[in-house]
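A.B. asks:
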Amino acid sequence: MRSRLFVAGLAAFLILVFSSFAFHPDWGFFAHKRINRLAVLTLPPEMMVFFKPNIDWLTDHAADPDMRRYASKNEAPRHYIDLDNYGPPFDSLPHQWLDAMLRYTDIWMVNAQGDTSLLFENQRTVPASRAYKNWFARQVLPAFYQDAHALNADSLSAFLQHNGFAQRPAAAFYHEHLSEHGILPWNLQRMQRQLTEAFRQRDSKRILRLCADIGHYIGDAHVPLHTTSNYNGQKTGQHGIHGFWESRIPELFADEDYDYFVGKPEYFADASTYFWKTVFKSNTMVDSVLTIEKAMHLTFPADRQMCPDMRVGKMVLAPCREFADAYQKALQGMVERQMRAAIHSVSSAWYTAWVDAGQPDLSRMDTPLLTEEERKAEVDLQKNFEAGKALGRPEEH
Numbered sequence: 005m006r007s008r009l010f011v012a013g014l015a016a017f018l019i020l021v022f023s024s025f026a027f028h029p030d031w032g033f034f035a036h037k038r039i040n041r042l043a044v045l046t047l048p049p050e051m052m053v054f055f056k057p058n059i060d061w062l063t064d065h066a067a068d069p070d071m072r073r074y075a076s077k078n079e080a081p082r083h084y085i086d087l088d089n090y091g092p093p094f095d096s097l098p099h100q101w102l103d104a105m106l107r108y109t110d111i112w113m114v115n116a117q118g119d120t121s122l123l124f125e126n127q128r129t130v131p132a133s134r135a136y137k138n139w140f141a142r143q144v145l146p147a148f149y150q151d152a153h154a155l156n157a158d159s160l161s162a163f164l165q166h167n168g169f170a171q172r173p174a175a176a177f178y179h180e181h182l183s184e185h186g187i188l189p190w191n192l193q194r195m196q197r198q199l200t201e202a203f204r205q206r207d208s209k210r211i212l213r214l215c216a217d218i219g220h221y222i223g224d225a226h227v228p229l230h231t232t233s234n235y236n237g238q239k240t241g242q243h244g245i246h247g248f249w250e251s252r253i254p255e256l257f258a259d260e261d262y263d264y265f266v267g268k269p270e271y272f273a274d275a276s277t278y279f280w281k282t283v284f285k286s287n288t289m290v291d292s293v294l295t296i297e298k299a300m301h302l303t304f305p306a307d308r309q310m311c312p313d314m315r316v317g318k319m320v321l322a323p324c325r326e327f328a329d330a331y332q333k334a335l336q337g338m339v340e341r342q343m344r345a346a347i348h349s350v351s352s353a354w355y356t357a358w359v360d361a362g363q364p365d366l367s368r369m370d371t372p373l374l375t376e377e378e379r380k381a382e383v384d385l386q387k388n389f390e391a392g393k394a395l396g397r398p399e400e401h
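Each residue of the sequence shown is one higher than the one before, counting from 5 in the working numbering.
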């Protein structure tokens, strides 16, 4: 009887400790770095001449987007999309950034007397006019990635006057609801366009930064728990599963057991459609990720689920190797398949941007040197990460 009580108490203690144990967010720094590094090795020779000399930089900076979450509140939504808040089915979910922002954004004005009122409600039911779309694209979309949500009141007044509205705002701002549930596939569309333009301009420094970043976000798109509001099992009593699936398992087994041969990159005829298919496919795996882990906690010996482990110079409790191996086998190799798919997708996105830019000659591009300002920014980013707290929704990892 005492033995059974001890095991039950131990299990409860381990679950409590596990709930407070924090892996690095998203695939983990280890997996993100592996994905970017291995993606380089799949590229054609015309790209390899530039990417191979910079492979260490692309590897080292694969986790930069995670580190930026400790400095900017706008960073976190770029890593996920809670698809369950839109469906299924997902037939009405806008796939283009402009259409999505129009549907989930309100425009507010402040008149000369200081009164605030809603000027344009989101376009969830009433289609936006062409004139409003054009103004919105010029004035609101560029402001999305800025901390302030203020809009140019003169521009808004000119638009209103030209289209027969009586209001004359002294100030204006917008409030968007889209980032409440994440913007991952829309962010990937934007970054793909930026990367294509960087190749077209042959801007080596910008190419590397965008390649490192888009590699990270594409990696996130292949993680099922980045496509659901139950991202860390917090709704089903499975807090900590986020780090277990995407950090602990790859760190234990990826370099020992995974087959990293993924073949040559492919060209995306429609990158936007490809990104959406990726997150939709990842989302179909959410139920398996959660239900299998829950069942294993009930059947696997409680005293062999959590084990001491050294992480970042500290002794912590983490899922035991035996338990993690049993989980990944029960998932029938899902983690390995998704990591392989991420490597192929990253190299394909880089390749597609290069082709769409006209396949510029990369052989004569120099390895860019950081300016003092850029070096300082990197140091500050590292300090924020080491000393700060991730800005974003609670229980993220």
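Just so it is clear, CB atoms sit at the ideal spot from N, CA and C, and this is done for glycine as well.
Within its chain, find whatever has a CB closer than 6 Å to the CB of A80; leave out the 5 residues flanking it on each side and keep chain order.
C.D. replies: So the qualifying residues of the chain are R73, G396.
A.B. asks: Since N126 and D110 are thought to touch, with beta carbons under 8 Å apart, how far apart are those beta carbons, to the nearest angstrom?
C.D. replies: Yes, they are in contact, since the Cβ atoms of N126 and D110 sit about 6 Å apart, within 8 Å.
A.B. asks: I need the DSSP call for P312, collapsed to helix, strand or coil.
C.D. replies: Looking at P312 - three-state DSSP - the assignment turns out to be strand.
A.B. asks: DSSP three-state label for Y404, please.
C.D. replies: Look at the range of the chain in this structure, 5 to 401, and you will see that residue 404 is not part of it.
A.B. asks: With T200 as the anchor, note down where its alpha helix (DSSP H) starts and where it stops.
C.D. replies: Run containing T200: 188-205, per the alpha helix (DSSP H) assignment.
A.B. asks: How many Å lie between E250 and C324 at the Cα?
C.D. replies: Answer to the nearest angstrom: the Cα atoms are 15 Å apart.
A.B. asks: What three-state label does DSSP hand S1 in the structure shown?
C.D. replies: Residue 1 lies beyond the stretch modelled for the chain, which goes from 5 to 401, so this question has no answer here.
A.B. asks: Going by DSSP, which residues form a beta bridge with V114?
C.D. replies: Answer is T120, A175.
A.B. asks: Taking the straight line between their C-alpha atoms, what separation do you get for E382 and G118?
C.D. replies: For E382 and G118, the distance between alpha carbons rounds to 42 Å.
A.B. asks: Buried or exposed for G186, going by 16 or more other Cβ atoms inside 10 Å?
C.D. replies: Classification of G186: buried, given that the 10 Å Cβ count is 16 or more.
A.B. asks: Report yes or no: do three or more beta-carbon pairs, one from the stretch 154-169 and one from the stretch 88-99, lie closer than 8 Å?
C.D. replies: No: fewer than three Cβ pairs fall under 8 Å.
A.B. asks: Measure the C-alpha to C-alpha separation of E297 and P48 and round it to an integer number of angstroms.
C.D. replies: Spanning the two alpha carbons is a distance of roughly 40 Å.
A.B. asks: Which residue or residues does DSSP assign as beta-bridge partners of E2?
C.D. replies: As displayed, the chain neither begins before 5 nor continues past 401, which places residue 2 out of reach and without an answer.
A.B. asks: Which runs of the alpha helix (DSSP H), 4 residues or longer, sit entirely within the stretch 322-373?
C.D. replies: The stretch 322-373 contains these whole alpha helix (DSSP H) runs: 325-334, 338-360.
A.B. asks: If you drop the 5 nearest sequence neighbours on each side, which residues of the same chain put their C-beta closer than 6 Å to that of A67?
C.D. replies: Answer for A67: F33, H36, listed in chain order.
A.B. asks: Take the Cβ of M319 as the centre, count every other Cβ of all protein chains shown within 10 Å, and call the residue buried at 16 or more, exposed below.
C.D. replies: With fewer than 16 Cβ atoms within 10 Å of its Cβ, M319 is classed as exposed.
A.B. asks: Give me the residue from D291, S208, S349 with the minimum Cα distance to T371.
C.D. replies: T371 has its Cα closest to that of S208, out of D291, S208, S349.
A.B. asks: So who's on the other strand from L160, going by DSSP bridges?
C.D. replies: L160 pairs with nothing; no bridge assigned.
A.B. asks: What residue does the alpha helix (DSSP H) around N287 start on, and which one ends it?
C.D. replies: That run of the alpha helix (DSSP H) goes 275-287.
A.B. asks: Can you give the beta carbon distance from L145 to M113, rounded, assuming they're within the 8 Å contact cut?
C.D. replies: No, L145 and M113 are not in contact; Cβ-Cβ is about 19 Å, not under 8 Å.
A.B. asks: State the DSSP-derived secondary structure class of A154, mapped to helix, strand or coil.
C.D. replies: It is a strand residue.
A.B. asks: Residues bridged to T109 by DSSP?
C.D. replies: Answer by DSSP bridge pairing, in chain order: E180.
A.B. asks: With DSSP as the reference, identify every bridge partner of V320, one or two as the case may be.
C.D. replies: The partner list for V320 (beta bridge, DSSP) reads D313.
A.B. asks: Report yes if the CB atom of T232 is closer than 8 Å to the CB atom of D88, and no otherwise.
C.D. replies: Yes, they are a contact pair.
A.B. asks: Which two residues bound the contiguous alpha helix (DSSP H) that contains L214?
C.D. replies: Looking at the DSSP string, the run of the alpha helix (DSSP H) that includes L214 is 208-225.
A.B. asks: Less than 8 Å between the beta carbons of L155 and F124, yes or no?
C.D. replies: Cβ distance not < 8 Å, so L155 and F124 don't count as in contact.
A.B. asks: Rank P189, S352, Y84, A116 by C-alpha distance to the C-alpha of R172 and give the top, closest one.
C.D. replies: Of the candidates P189, S352, Y84, A116, the one whose C-alpha sits nearest the C-alpha of R172 is A116.
A.B. asks: Does H301 come out as helix, strand or coil in the three-state DSSP assignment?
C.D. replies: Three-state result, H301: helix.
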